[in-house]
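Below is one structure, written out as structure tokens; comments come after it.
Listed below in structure tokens is the structure:
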């Protein structure tokens, strides 16, 4: 547990842990071979994709240039960011099954999990918490909380969920529950992908789940595959031989990533470290590199004695919950404000958590569009609390729970009551929404009349490319095109700039007097968007899309 069980543990990364993390030669031979195959496959794919669009290292049929992405839109004048505020659905979408003694989620439904739109319905994997014994007043024995196993739910609309009886796990004298059987001492967070590129239908669904095997001294991960998302075949124990608690599992650039909190990392100088975000990588899902890479880290105290999981201050809870849109990933991390107390390393009733917004272009390195900004606060998405209970609130990042649904972006997330007394322990799953891709906008400075923003170079691989804007005040927007060295192309700039005749919206088509962009095929170009304020126009740009479909 960021979680109570982990937080109250007193284990430190000593020599025994270092021995656990030494790579095995057989593993590395497999990794080397897999990487060579992956590199060969990537080279072939790149050669075959000459008719697509390219932005940086990404090649595909559609590019999303978000206003919050300062790599896709790197240069701007007289413009600043205006971040959005997600709308939270007050009623939770999933709550504990308190009336069913055989349910494994009778105390809490924790969204260390995933939501997929699949086969005409929504599917959710999460983990439940129940009682292994009834706690007494001020009881600090967290062994009376039974964490896991992984659970499953379904919905036709994404709002109203059912928990189908799977009959796989016996609890409370029966198996009338929605728990998924996995062969581990503890199973917690579950992060699921549907992989239609895998030729083996038995591996259509891939899962990374948090576990504690009997041979491990720490929480780690294990993989599993499934033909249907219900019955799972686990992979080998300890594919990553280190301590980590995952927040997301995703594909990007032909690689599989686990984004996680590295619970046994060392800080600068080899000192203790607090919660920070790291990634682990696999070229094929079967073999995982043992090294971790920094994903998103917050500054730590200059005093080494004030660093660590049990020290007060802001930390990155569980890494980044990331959502890949091809060339860009958007994610949330929990701004874990650790406030431990004497005898309580976790901070029961004192530690809080809000959401921060991050973005990435490569799948590993994430950055905040506005540093330290609280994107969604715990006060904006509160869980149900019994009146009079002394508590704090913690938001858990969305894991694999951010998805675009029609004209909206949906953000499934967990909200967790952190009480002083375990008797009041509670967690539920909630939903926040935005208009699609409207995480934030570029807009004019308050007194500015005009501003501009340049894109990174985009290579147009074939005829028929189109540009659309996700914007408000579109009458005040125009789009020019330059070469990669910022030299404006006369036929696509100035009086020949592109404009949209559409009303404000999510997909406002841009047209140029010149006509199509076919004369740019094979060229690397930059787009420059101009924003002009009028008496009744205050333009805002949320995203620019380039489509080759």
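Residue numbers (the numbering used here): 41 to 589.
Cβ coordinates follow ideal geometry from the N, Cα and C atoms, glycine included.
Option in the options with minimal Cα separation from residue i
i, options, result
"residue 424", "399, 385, 464", "464"
"residue 209", "143, 490, 172, 496", "143"
"residue 330", "307, 267, 261", "261"
"residue 576", "270, 489, 555", "489"
"residue 581", "94, 107, 93", "107"
"residue 397", "224, 109, 315", "109"
"residue 223", "532, 240, 275", "275"
"residue 280", "271, 318, 268", "318"
"residue 158", "221, 244, 206, 343", "244"
"residue 277", "237, 327, 206", "327"
"residue 593", "414, 566, 205, 98", "There is no way to answer for residue 593, as the model of the chain reaches only from 41 to 589."
"residue 356", "342, 393, 362", "393"
"residue 112", "536, 499, 189, 414", "499"
"residue 470", "93, 135, 96, 118", "135"
"residue 345", "364, 363, 332, 314", "314"
"residue 412", "339, 310, 343", "339"
"residue 186", "432, 225, 161", "225"
"residue 516", "561, 548, 559, 215", "548"
"residue 529", "311, 560, 257, 539", "560"
"residue 359", "323, 474, 399, 155", "399"
First through last residue of the beta strand (DSSP E) which encompasses residue i
i, result
"residue 149", "148-158"
"residue 415", "Per DSSP, residue 415 belongs to no beta strand (DSSP E) and is neither H nor E."
"residue 346", "No beta strand (DSSP E) holds residue 346; DSSP gives it neither H nor E."
"residue 484", "480-484"
"residue 205", "Taken as a continuous stretch (DSSP letters only), residue 205 belongs to no beta strand (DSSP E), as it is neither H nor E."
"residue 251", "245-252"
"residue 429", "Looking at the DSSP string, residue 429 is not in any beta strand (DSSP E), and its letter there is neither H nor E."
"residue 560", "No beta strand (DSSP E) holds residue 560; DSSP gives it neither H nor E."
"residue 259", "Taken as a continuous stretch (DSSP letters only), residue 259 belongs to no beta strand (DSSP E), as it is neither H nor E."
"residue 572", "564-572"
"residue 464", "Looking at the DSSP string, residue 464 is not in any beta strand (DSSP E), and its letter there is neither H nor E."
"residue 459", "448-459"
"residue 580", "580-587"
"residue 378", "369-378"
"residue 161", "161-171"
"residue 494", "490-494"
"residue 527", "Residue 527 -> no beta strand (DSSP E), and no H or E assigned at all."
"residue 355", "353-364"
"residue 104", "102-106"
"residue 116", "115-117"
"residue 500", "498-500"
"residue 403", "Segment: none, residue 403 is in no beta strand (DSSP E) and carries neither H nor E."
"residue 95", "93-95"
"residue 512", "506-512"
"residue 441", "Segment: none, residue 441 is in no beta strand (DSSP E) and carries neither H nor E."
"residue 546", "545-550"
Whole-Å CB distance - residue i paired with residue j, under 8 Å assumed
i, j, result
"residue 375", "residue 395", "7 Å"
"residue 458", "residue 389", "6 Å"
"residue 198", "residue 439", "At roughly 16 Å, the Cβ-Cβ gap does not stay under 8 Å, so residue 198 and residue 439 are not in contact."
"residue 382", "residue 352", "Not a contact, Cβ separation roughly 12 Å."
"residue 468", "residue 202", "Not really, about 16 Å apart at Cβ, beyond 8 Å."
"residue 116", "residue 491", "7 Å"
"residue 336", "residue 263", "Incorrect: roughly 23 Å between the Cβ atoms, too far for contact."
"residue 456", "residue 436", "6 Å"
"residue 227", "residue 170", "About 13 Å separates the two Cβ atoms, so there is no contact after all."
"residue 361", "residue 288", "5 Å"
"residue 95", "residue 101", "That belief does not hold up - the Cβ atoms of residue 95 and residue 101 are roughly 12 Å apart, past 8 Å."
"residue 218", "residue 211", "About 11 Å; that fails the 8 Å criterion."
"residue 421", "residue 128", "4 Å"
"residue 121", "residue 410", "6 Å"
"residue 505", "residue 569", "Their Cβ separation, rounded to whole angstroms, is 16 Å, which puts residue 505 and residue 569 out of contact at 8 Å."
Closer than 8 Å: residue i CB and nearest the ligand NAP heavy atom
i, result
"residue 347", "Only the bare structure without any ligand can be found here, which leaves the ligand NAP out of the picture."
List, from N- to C-terminal side, the beta strand (DSSP E) runs of 3 residues or more that fit wholly inside the segment 262-335. 284-292, 295-302, 317-322, all fully within the segment 262-335.
Tell me whether the segment 190-200 and the segment 501-521 touch, counting them as touching only if at least three CB pairs, one residue from each stretch, are closer than 8 Å. No, they do not touch.
contact_flag[the segment 478-485, the segment 157-167] where n(CB pairs < 8 Å) is 3 or more: At 8 Å Cβ cutoff, the stretches do not touch.
Between the segment 430-445 and the segment 124-141, can you find at least three pairs of beta-carbon atoms closer than 8 Å? The segment 124-141 vs the segment 430-445: no contact.
Three CB pairs or more closer than 8 Å across the segment 515-535 and the segment 458-475: Short answer: they don't touch.
With a cut-off of 8 Å, do at least 3 Cβ pairs link the segment 244-254 to the segment 224-234? Under the 8 Å Cβ criterion, the segment 244-254 counts as touching the segment 224-234, having at least three qualifying pairs.
Is the segment 297-312 close to the segment 275-284, with three or more CB pairs under 8 Å? Proximity of the segment 297-312 to the segment 275-284 meets the contact definition, three or more beta-carbon pairs being nearer than 8 Å.
At 3 residues or longer, what runs of the beta strand (DSSP E) sit wholly inside the segment 181-236? Entirely contained in the segment 181-236, the beta strand (DSSP E) runs reaching 3 residues are, in chain order, 185-195, 226-234.
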